[in-house]
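Structure first, then comments.
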Amino acid sequence: MLSLLTHIGRFTLRQLSEMGRMFLFLLAAIFLAFRPPAKIGLIIHHIKTIGVDSLSVVLLSGFFTGMVMGFQGYYSLRKFNAESWLGSAAALGLLRELGPVLSAFMVTGRTGSAMAAELGTMRATEQIDALYSMAINPIKYLVSPRIIAGLIAMPLLTAIFDVVGIYGAYLVGVGLLGVSSGSYFSGMESSVVFNDVYSGFMKSLSFGLIITWVCCYKGFHAPPMATGVSQATTESVVLSFVLILVWDYFLTSVML
Amino acid sequence: MDEPLIEFKNVTKRFGERTILDRVNLEVRDGHTTTIIGKSGTGKSVLLKHMVGLLSPTEGKILFKGKPVDRMSRKESDEFRSQFSYCFQNNALFDSLTVLENIALPLQQTTRMGKREIDDKVTERIDQLELSEVAHKYPSELSGGMQKRAALARALITDPKIVLFDEPTTGQDPIRKNAIFSMIVHNQKRFGFTTIMISHDIPDVFFISDRILVLYDGQIIFQGSYEEIDRLQHPMVDEFVKSLEHFQDELTGLYSKKTFTKVYERAVTTKQPGENLTVAVFTVDDLDGVSANLGHTTAQEIIQSLAVYVNRHFGDVGISNRSGRDRIVTILAFTDRAAAERLMEDLARDLRERGLIDIQAESRPAQSYPLSILAGLAEGKAGEDIDIISERARSVQKEIARFQCGAPG
Numbered sequence: 001m002l003s004l005l006t007h008i009g010r011f012t013l014r015q016l017s018e019m020g021r022m023f024l025f026l027l028a029a030i031f032l033a034f035r036p037p038a039k040i041g042l043i044i045h046h047i048k049t050i051g052v053d054s055l056s057v058v059l060l061s062g063f064f065t066g067m068v069m070g071f072q073g074y075y076s077l078r079k080f081n082a083e084s085w086l087g088s089a090a091a092l093g094l095l096r097e098l099g100p101v102l103s104a105f106m107v108t109g110r111t112g113s114a115m116a117a118e119l120g121t122m123r124a125t126e127q128i129d130a131l132y133s134m135a136i137n138p139i140k141y142l143v144s145p146r147i148i149a150g151l152i153a154m155p156l157l158t159a160i161f162d163v164v165g166i167y168g169a170y171l172v173g174v175g176l177l178g179v180s181s182g183s184y185f186s187g188m189e190s191s192v193v194f195n196d197v198y199s200g201f202m203k204s205l206s207f208g209l210i211i212t213w214v215c216c217y218k219g220f221h222a223p224p225m226a227t228g229v230s231q232a233t234t235e236s237v238v239l240s241f242v243l244i245l246v247w248d249y250f251l252t253s254v255m256l
Numbered sequence: 257m258d259e260p261l262i263e264f265k266n267v268t269k270r271f272g273e274r275t276i277l278d279r280v281n282l283e284v285r286d287g288h289t290t291t292i293i294g295k296s297g298t299g300k301s302v303l304l305k306h307m308v309g310l311l312s313p314t315e316g317k318i319l320f321k322g323k324p325v326d327r328m329s330r331k332e333s334d335e336f337r338s339q340f341s342y343c344f345q346n347n348a349l350f351d352s353l354t355v356l357e358n359i360a361l362p363l364q365q366t367t368r369m370g371k372r373e374i375d376d377k378v379t380e381r382i383d384q385l386e387l388s389e390v391a392h393k394y395p396s397e398l399s400g401g402m403q404k405r406a407a408l409a410r411a412l413i414t415d416p417k418i419v420l421f422d423e424p425t426t427g428q429d430p431i432r433k434n435a436i437f438s439m440i441v442h443n444q445k446r447f448g449f450t451t452i453m454i455s456h457d458i459p460d461v462f463f464i465s466d467r468i469l470v471l472y473d474g475q476i477i478f479q480g481s482y483e484e485i486d487r488l489q490h491p492m493v494d495e496f497v498k499s500l501e502h503f504q505d506e507l508t509g510l511y512s513k514k515t516f517t518k519v520y521e522r523a524v525t526t527k528q529p530g531e532n533l534t535v536a537v538f539t540v541d542d543l544d545g546v547s548a549n550l551g552h553t554t555a556q557e558i559i560q561s562l563a564v565y566v567n568r569h570f571g572d573v574g575i576s577n578r579s580g581r582d583r584i585v586t587i588l589a590f591t592d593r594a595a596a597e598r599l600m601e602d603l604a605r606d607l608r609e610r611g612l613i614d615i616q617a618e619s620r621p622a623q624s625y626p627l628s629i630l631a632g633l634a635e636g637k638a639g640e641d642i643d644i645i646s647e648r649a650r651s652v653q654k655e656i657a658r659f660q661c662g663a664p665g
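From first to last, the protein sequence lines are chains V and S. Take the first sequence: its position 195, counting from 1, is numbered 195 in the numbering used here, and each next residue is one higher. Position in the second sequence counted from 1, then plus 256, gives you the numbering used here.
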């Protein structure tokens with residue numbers, strides 16, 4: 001019994017100290033992001049890797065998510081003779097929930113994992129130590145620009161996901177299932193308010209922070225070996241997914 | 257005595273339960289080449305990382321110019337770190353950057369220099385280290401030797417006062433190993449930095465070191481010069497150093513110092529005390545000049561080629577050893593001086609007629625450099641210190657062959 005308690009206590013302490021380290025890591029990255037000189041070139045480079053390089057996967061997933069919503073929404077709404085509200089249902093679902101969450105999942109899988117693997121490899125091959133030995137702060141050089149880029153790119157990707165999703169639902173609802181084009185857009189116009197867009201924006205912004213923070217932290221502190229890199233990559237994706245869903249719940253409950 | 261540049265006082269480092277460094281005391285002197293030797297896993301890299309501040313000691317003090325590193329203000333600490341450069345074992349070049357970008361990075365990130373100024377300095381360093389052809393390539397596209405040079409160029413771009421090399425010759429063949437050592441010596445003379453190096457390559461690394469530290473079981477068991485370690489009658493040091501030495505010298509294929517000494521001692525026992533023996537010493541004149549003008553690899557190939565000639569003419573009657581970066585010593589225990597002189601004449605003629613063929617074939621029209629081979633003979637008594645006889649032979653050396661290397665045509 002005592003041994004079990006010891007194990008639980010040790011595990012809890014370990015997790016708490018890991019959380020503390022993660023939080024301090026984030027604070028350092030944010031603090032260093034504001035310390036001159038600004039790494040504009042690096043930020044632009046990472047906006048490209050997070051944003052442009054994830055665009056195709058976000059477009060594809062957004063389009064098919066919208067089409068599925070078109071089918072499912074039509075099926076559900078028809079039971080209440082409310083097919084004309086399909087545009088409203090698709091837009092609200094995408095703007096408030098599916099857009100931010102699914103695009104964050106896509107970016108985690110596409111870019112977050114690559115980020116963790118890249119930093120993990122840099123750790124294993126002593127490139128991070130090399131930066132330190134050259135008096136270059138590795139957090140300022142490697143982490144802060146990625147976090148800023150994540151904060152900029154993620155809302156943009158989510159916006160693209162939303163627009164493409166709404167168009168996908170329109171194609172299915174109007175093109176295949178015969179919903180009126182006018183009622184699709186007028187329903188959307190009458191039900192979507194600024195707060196819906198704002199809520200989605202805030203979610204995507206915080207997901208951008210979560211993805212870059214978690215993936216950079218895991219990669220940066222990866223054990224310096226091949227298995228360490230793969231372990232860091234897996235952990236970064238799993239933890240990002242979990243944190244995105246948990247944080248989504250809190251934000252939804254606060255902003256509803 | 258001058259104040260040491262870096263001093264460790266009872267430095268202990270533990271990772272969890274494991275003690276890696278155990279009350280280490282050491283001194284590194286300004287302008288010297290200090291080499292740390294020790295078996296794998298004894299904490300050499302950990303020791304080096306403490307010097308540059310990548311790791312902090314669990315106990316003990318590290319002093320830089322007499323000042324404890326842990327009591328430095330942030331400004332002093334930045335200044336302290338800016339004096340160091342670290343050449344990592346696997347080079348640690350950034351694989352997403354080209355060679356040129358890798359070399360420019362420290363200047364871009366840590367100085368207020370303008371783009372043109374940085375470009376000029378990087379171009380100069382690239383030219384000095386013969387990297388012009390690969391400046392726009394990525395590290396993965398370079399050979400091991402080129403990567404090493406790129407890492408050295410990056411380490412030297414900030415004009416550091418102290419350069420740390422963590423096993424700079426790992427995975428290199430004997431010629432390249434010695435070429436890298438030669439490159440380090442050459443650049444140290446040129447830029448005047450203090451070198452601290454980890455290496456297993458005995459005896460090659462001894463030839464370029466002013467001071468040797470032996471790390472054993474987490475402790476420094478010896479600090480001193482090559483001559484001191486060579487003469488030291490310390491069973492642990494002796495056993496340890498010999499365990500790292502091979503039967504044959506890797507570069508030349510001649511006997512290692514350990515084997516050479518044993519064979520000499522055995523030969524001497526068969527002779528009457530006071531009976532004569534002859535020693536020949538061969539030297540490549542101005543090896544540093546040869547390295548600078550014909551390349552470090554070529555300089556090592558010259559040594560290797562000379563060893564082939566020495567072995568061809570003296571191999572049946574003598575035992576030979578490379579006793580320095582540019583020197584080969586041969587003991588002719590049962591050959592009198594007259595016979596030794598005849599052998600020397602044959603070798604000189606052969607060398608002049610056949611030349612150092614491979615070297616001359618590596619013609620570089622832009623660079624031509626005179627290469628002299630010197631040789632000398634001296635007699636000694638059985639049982640006399642071999643180094644003393646060798647020194648006598650060295651003092652009477654004369655030119656036996658001269659080539660114009662890299663000449664056009």
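The beta carbon of each residue, even a glycine, is placed where N, CA and C say it ideally should be. Quantities reported herein were computed from a predicted structural model and do not represent experimental measurements.
Here's the rule I'm using: 16 or more other beta-carbon atoms within 10 Å means buried, otherwise exposed. How should residue i be labelled?
{"i": "residue 64 of chain V", "result": "exposed"}
{"i": "residue 468 of chain S", "result": "buried"}
{"i": "residue 24 of chain V", "result": "exposed"}
{"i": "residue 81 of chain V", "result": "exposed"}
{"i": "residue 2 of chain V", "result": "exposed"}
{"i": "residue 528 of chain S", "result": "exposed"}
{"i": "residue 578 of chain S", "result": "buried"}
{"i": "residue 371 of chain S", "result": "exposed"}
Quick one: does residue i have its CB under 8 Å from some CB of chain V?
{"i": "residue 342 of chain S", "result": "yes"}
{"i": "residue 419 of chain S", "result": "no"}
{"i": "residue 338 of chain S", "result": "yes"}
{"i": "residue 443 of chain S", "result": "no"}
{"i": "residue 350 of chain S", "result": "yes"}
{"i": "residue 362 of chain S", "result": "yes"}
{"i": "residue 365 of chain S", "result": "yes"}
{"i": "residue 398 of chain S", "result": "no"}
{"i": "residue 310 of chain S", "result": "yes"}
In angstroms, rounded to a whole number, what distance separates the CA positions of residue i and residue j?
{"i": "residue 620 of chain S", "j": "residue 305 of chain S", "result": "The predicted position of residue 620 of chain S is uncertain, since its pLDDT is 46 and thus under 50; a value taken from the coordinates is nonetheless stated next. Whole-angstrom Cα-Cα distance: 41 Å."}
{"i": "residue 550 of chain S", "j": "residue 661 of chain S", "result": "8 Å"}
{"i": "residue 378 of chain S", "j": "residue 28 of chain V", "result": "32 Å"}
{"i": "residue 531 of chain S", "j": "residue 472 of chain S", "result": "41 Å"}
{"i": "residue 227 of chain V", "j": "residue 43 of chain V", "result": "29 Å"}
{"i": "residue 257 of chain V", "j": "residue 114 of chain V", "result": "Given a span of 1 to 256 for chain V in the structure shown, any question on residue 257 of chain V remains unanswerable."}
{"i": "residue 618 of chain S", "j": "residue 568 of chain S", "result": "In this prediction, residue 618 of chain S has a pLDDT of 43, which is less than 50 and means its spatial position is unreliable; what the coordinates show is noted afterwards. If you take the alpha carbons of residue 618 of chain S and residue 568 of chain S, they lie about 23 Å apart."}
{"i": "residue 103 of chain V", "j": "residue 96 of chain V", "result": "12 Å"}
{"i": "residue 443 of chain S", "j": "residue 406 of chain S", "result": "13 Å"}
{"i": "residue 595 of chain S", "j": "residue 459 of chain S", "result": "31 Å"}
{"i": "residue 639 of chain S", "j": "residue 525 of chain S", "result": "8 Å"}
{"i": "residue 210 of chain V", "j": "residue 11 of chain V", "result": "23 Å"}
{"i": "residue 513 of chain S", "j": "residue 434 of chain S", "result": "17 Å"}
{"i": "residue 286 of chain S", "j": "residue 299 of chain S", "result": "23 Å"}
By the three-class DSSP mapping on this structure, what secondary structure does residue i have?
{"i": "residue 3 of chain V", "result": "helix"}
{"i": "residue 346 of chain S", "result": "coil"}
{"i": "residue 260 of chain S", "result": "coil"}
{"i": "residue 628 of chain S", "result": "strand"}
{"i": "residue 182 of chain V", "result": "helix"}
{"i": "residue 50 of chain V", "result": "helix"}
{"i": "residue 167 of chain V", "result": "helix"}
Quick one: give me the first and last residue of the beta strand (DSSP E) that residue i is part of.
{"i": "residue 298 of chain S", "result": "Neither: residue 298 of chain S is in no beta strand (DSSP E) and is coded neither H nor E."}
{"i": "residue 278 of chain S", "result": "274–284"}
{"i": "residue 655 of chain S", "result": "654–661"}
{"i": "residue 453 of chain S", "result": "450–454"}
{"i": "residue 316 of chain S", "result": "315–320"}
Please decide whether residue i counts as near chain S, where near means a Cβ-Cβ distance under 8 Å.
{"i": "residue 126 of chain V", "result": "yes"}
{"i": "residue 115 of chain V", "result": "no"}
{"i": "residue 255 of chain V", "result": "no"}
{"i": "residue 206 of chain V", "result": "no"}
For the alpha helix (DSSP H) containing residue i, list its first residue and its last residue.
{"i": "residue 53 of chain V", "result": "53–78"}
{"i": "residue 548 of chain S", "result": "543–550"}
{"i": "residue 236 of chain V", "result": "226–255"}
{"i": "residue 333 of chain S", "result": "330–338"}
{"i": "residue 352 of chain S", "result": "Run containing residue 352 of chain S: none; DSSP gives neither H nor E here."}
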